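Engineer: First residue of the sequence shown? That's 260 in my numbering, and the numbers climb one at a time after it.
Ideal Cβ positions, reconstructed from N, Cα and C, are used throughout, including at glycine.
Please read all numbers here as calculations on a predicted model, not as lab measurements.
After the structure tokens below, expect a handful of questions from me.
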Amino acid sequence: GFRCDLSKDEFYHFVKEHRVALIGQTQDICPADKMMYALRDVTATVESIPLICASIMSKKLAEGISSLVLDVKMGSGAFMKTQQDAEALAKSLISIGVDNLVNTVALVTNMDQPLGKFVGNALEIQECLDILKGKTNEENGFDFYQDTRDLSLELAAQMIYCSKNASSLQNARQLAQEALENGKAYSVFEDLCRRQGGIDLSQLPASNSKIDIMSEKNGFIDHINVEKIGLASILLGAGRKTKEDSIDPSAGIEIHFKHGFKKTKGEKLFTVYFSGDRPVEDVKELLLESLSFSNQKPQTLPLIYKVLTEKDL
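What follows is the structure, given as structure tokens:
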């Protein structure tokens with residue numbers, strides 16, 4: 260029942276009274292953006308950085324904000340594949356924010372491996388709820404929730420500091436950590452969901468079927484094609500090929516590795532969740548193709564590559 264198609268008045272009311280709201284694209288805020296994107300799609304300008312910036316920042320600026328924190332993804336699962344391109348996009352976004360008197364910060368973050376443990380709508384929501392409740396998800400002593408938690412805390416801290424609600428970034432990090440540990444973050448999210456039509460957070464949809472996909476190779480995982488994992492999730496019903504496709508919120512993928520993990524033949528790599536008739540063999544092929552193995556352990560990938568501000572322009 261959760262709604263993110265809020266009217267402009269509802270959105271402003273929730274932010275003013277409760278200081279938080281989640282909203283999708285609406286007819287009230289930047290209605291021209293949808294038409295512009297349709298034009299970009301048929302004129303081969305989807306990748307144009309100026310037009311990407313116009314699309315992103317028009318909606319943000321129309322909301323009347325004074326501060327903005329952006330998470331700019333880079334890597335195989337992101338629109339920007341290289342750090343150079345991601346930083347160029349981030350700086351353009353910051354420049355537009357600064358020109359409109361908005362204190363803007365951009366974090367360039369890693370999307371060369373899936374974030375967290377799950378891919379898929381209900382599965383990712385469950386991961387977020389677990390983290391907000393202080394839970395972990397450990398396999399062989401490794402917490403698969405750690406990167407989602409760490410990035411969320413850093414983004415929260417940057418927002419707290421950017422909006423001048425902390426004396427320093429370190430103080431902002433402490434405030435974010437305290438809100439997570441004392442349960443306030445979960446309570447705020449629960450209240451937000453109820454205000455926007457969500458009834459029971461414990462009643463997330465579950466799939467009818469699941470299968471495990473095992474490694475066919477030995478070695479260290481040294482490259483992950485996250486785009487292929489995303490395509491596999493679409494085949495399971497977790498995403499759309501076209502606007503007309505329906506989404507199965509219960510479908511998705513559980514990840515049993517991270518970049519640099521050592522795996523042996525026959526060891527579990529993925530668990531896929533689905534309902535009904537899905538091309539499971541095609542999914543398996545895509546997922547196995549998404550991984551490259553090496554005899555040597557690769558260097559650890561950073562979670563956050565850079566934090567950029569007006570000073571970096």
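Please list, in chain order, all residues of the same chain as Ile-311 whose beta carbon is under 6 Å from its beta carbon, the five residues on each side excluded.
Structural biologist: The answer is none, since no qualifying residue turns up.
Engineer: Thinking C-alpha only, which one of Thr-363, Val-378 and Pro-309 is nearest Leu-320?
Structural biologist: That would be Thr-363, whose Cα lies nearest to the Cα of Leu-320.
Engineer: Is the region 365 to 384 in contact with the region 483 to 501, if contact means three or more CB pairs nearer than 8 Å?
Structural biologist: In short, these stretches touch, since the Cβ pair count reaches three.
Engineer: Tell me whether the region 435 to 455 and the region 408 to 424 touch, counting them as touching only if at least three CB pairs, one residue from each stretch, are closer than 8 Å.
Structural biologist: The region 435 to 455 vs the region 408 to 424: in contact.
Engineer: According to the Cβ coordinates, are Leu-329 and Ala-303 closer than 7 Å?
Structural biologist: No, Cβ-Cβ distance for Leu-329 and Ala-303 is not below 7 Å.
Engineer: Tell me which residues share the same chain as Lys-500 and place their Cβ nearer than 8 Å to its Cβ, disregarding the 5 neighbours each side in the sequence.
Structural biologist: If we look at Lys-500 and ignore the five residues flanking it on each side, its Cβ neighbours are Ile-493.
Engineer: DSSP state of Gly-478, grouped into three classes?
Structural biologist: It is a strand residue.
Engineer: Checking 7 Å against the spacing of the C-beta atoms, do Thr-285 and Lys-332 come in under that value?
Structural biologist: Taking 7 Å as the Cβ cut-off, Thr-285 and Lys-332 do not qualify as a contacting pair.
Engineer: Could you tell me which whole alpha helix (DSSP H) segments of length 4 or greater appear in the region 463 to 513?
Structural biologist: 485 to 495, all fully within the region 463 to 513.
Engineer: Roughly how many angstroms separate the alpha carbons of Asn-430 and Ser-422, rounded to a whole number?
Structural biologist: Answer to the nearest angstrom: the Cα atoms are 13 Å apart.
Engineer: Output needed for Tyr-420: all residues of its chain with C-beta closer than 6 Å, excluding positions within five of it in sequence on either side, in chain order.
Structural biologist: Excluding residues within five positions, the ones whose Cβ falls inside 6 Å are Leu-428 and Ala-431.
Engineer: Note down, in chain order, each residue of its chain lying with its Cβ closer than 8 Å to the Cβ of Cys-289, except the 5 sequence neighbours on either side.
Structural biologist: Here the set comprises Ser-317, Lys-318 and Ala-321.
Engineer: Closest by CA to Ser-505, which one among Asp-450, Phe-529 and Asn-380?
Structural biologist: When each option's Cα is compared against that of Ser-505, the closest is Asn-380.
Engineer: In chain order, which continuous runs of the alpha helix (DSSP H) of length 4 or greater are located wholly inside the region 322 to 409?
Structural biologist: Whole alpha helix (DSSP H) segments, 4+ residues: 342 to 358 and 380 to 391.
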